[in-house]
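J.:
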């Protein structure tokens, strides 16, 4: 499989068809970055991001998240919004009970979709298959894996002149299409 601007951009309609939360995702990508920047996000916004990322694991994740008090959650989110170091942003979020690197990356996406993307096994598989990443992703991705993944995504988005969100959606779709082709 080859990646290129045309291939990446052609996946958007397929993503919209496959992703049941697509319309809400688009709306929240427009509103949440400002809400996070102005500290006007709500617990419901955070719950929606978690549901968007983990789907079937939403209730267990939220149960763990509820172990954190609201002040701690707000402090860690604000740290992720205002800290300049990416590792520190991710570590602030993952210091919260219930938040691993994949969910932290999803929160960062909605904080700043121009700078961050979501680490995902499917997307990682496509990058590995196309030679952009050499190692397999671990079952519980680390901050170092996210930094490696994010760097590869920045390079590809820059190389092909697409947004990180376009790239992320395309990688997700391309892995689904690959799974379907291999099971035929």
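Numbering (my numbering), first residue to last: 127 to 310. C-beta: ideal position from N, C-alpha, C; glycine also.
How many Å lie between residue 184 and residue 177 at the Cα?
T.: What you label residue 184 is simply residue 58 of the chain shown in a count that begins at 1. What you label residue 177 is simply residue 51 of the chain shown in a count that begins at 1. Rounded to whole angstroms, residue 184 to residue 177 spans 5 Å at the Cα level.
J.: Whole angstroms are fine: how far does the CA of residue 197 sit from the CA of residue 136?
T.: The residue given as residue 136 occupies position 10 in the chain shown. The residue given as residue 197 occupies position 71 in the chain shown. Cα-Cα distance, rounded: 43 Å.
J.: Look up residue 130 in the DSSP assignment and say whether it is helix, strand or coil.
T.: Position 4 of the chain shown holds residue 130. Here residue 130 sits in coil by DSSP.
J.: DSSP on residue 261, reduced to helix/strand/coil?
T.: In the chain shown, residue 261 corresponds to position 135, counting from 1. In the structure shown, residue 261 sits in coil (DSSP, three-state: anything other than H, G, I, E or B).
J.: What separation, rounded to the nearest whole angstrom, lies between the Cα atoms of residue 166 and residue 255?
T.: The count along the chain shown starts at 1 and reaches residue 166 at position 40. The count along the chain shown starts at 1 and reaches residue 255 at position 129. Across the structure, residue 166 and residue 255 are spaced so that their CA atoms are roughly 40 Å apart.
J.: Threshold first: 4 residues or longer. Then list the alpha helix (DSSP H) segments lying entirely within the stretch 160 to 237, N to C.
T.: 169 to 180, 184 to 191, 196 to 208, 212 to 220, 227 to 237
J.: With a CB to CB cut of under 8 Å and the five nearest residues on each side skipped, what residues in its chain are close to residue 240?
T.: By 1-based counting over the chain shown, the position of residue 240 is 114. Answer for residue 240: 289, 290, listed in chain order.
J.: For the alpha helix (DSSP H) that residue 270 lies in, which residues bound it at each end?
T.: Position 144 of the chain shown, counted from the first residue, corresponds to residue 270. Residues 269 to 286.
J.: From which residue to which residue does the alpha helix (DSSP H) around residue 254 run?
T.: The count along the chain shown starts at 1 and reaches residue 254 at position 128. Its alpha helix (DSSP H) spans residues 247 to 255.
J.: Could you spell out the range, first to last residue, of the alpha helix (DSSP H) harbouring residue 239?
T.: On the chain shown, position 113 is the one that residue 239 refers to. No alpha helix (DSSP H) contains residue 239, which DSSP labels as neither H nor E.
J.: How about the stretch 132 to 149 and the stretch 229 to 238: do they share at least three Cβ pairs that are nearer than 8 Å?
T.: In short, these stretches do not touch, since the Cβ pair count stays below three.
J.: Determine, using beta-carbon pairs with one atom in the stretch 150 to 163 and one in the stretch 212 to 222, whether at least three such pairs fall under 8 Å.
T.: no
J.: Look at residue 275 and residue 237 and say whether their C-beta atoms are less than 7 Å apart.
T.: Here residue 275 refers to the residue found at position 149 when the chain shown is read from its first residue. Here residue 237 refers to the residue found at position 111 when the chain shown is read from its first residue. No, these two residues do not count as a Cβ contact at 7 Å.
J.: Quick one: residues in its chain with C-beta nearer than 7 Å to the C-beta of residue 277, no 5 flanking neighbours on either side, listed in chain order?
T.: Walking along the chain shown from the start, residue 277 turns up at place 151. Nothing meets the Cβ criterion.
J.: Does the beta-carbon distance from residue 292 to residue 134 come in below 7 Å?
T.: Stepping through the chain shown from its first residue, residue 292 is reached at position 166. Stepping through the chain shown from its first residue, residue 134 is reached at position 8. The answer is yes: Cβ separation under 7 Å.
J.: Cα separation between residue 311 and residue 208?
T.: Outside the modelled stretch of the chain, which goes from 127 to 310, sits residue 311, for which no answer is possible.
J.: Assign residue 187 to one of two classes, buried (16 or more other C-beta atoms within 10 Å of its C-beta) or exposed (fewer than that).
T.: As a working mapping, residue 187 is identified with position 61 in the chain shown. The residue is buried, with at least 16 neighbouring Cβ atoms inside 10 Å.
J.: How big is the Cα-Cα spacing for residue 192 and residue 179?
T.: The residue labelled residue 192 in the question sits at position 66 within the chain shown. The residue labelled residue 179 in the question sits at position 53 within the chain shown. If I take the Cα positions, the gap works out to 17 Å.
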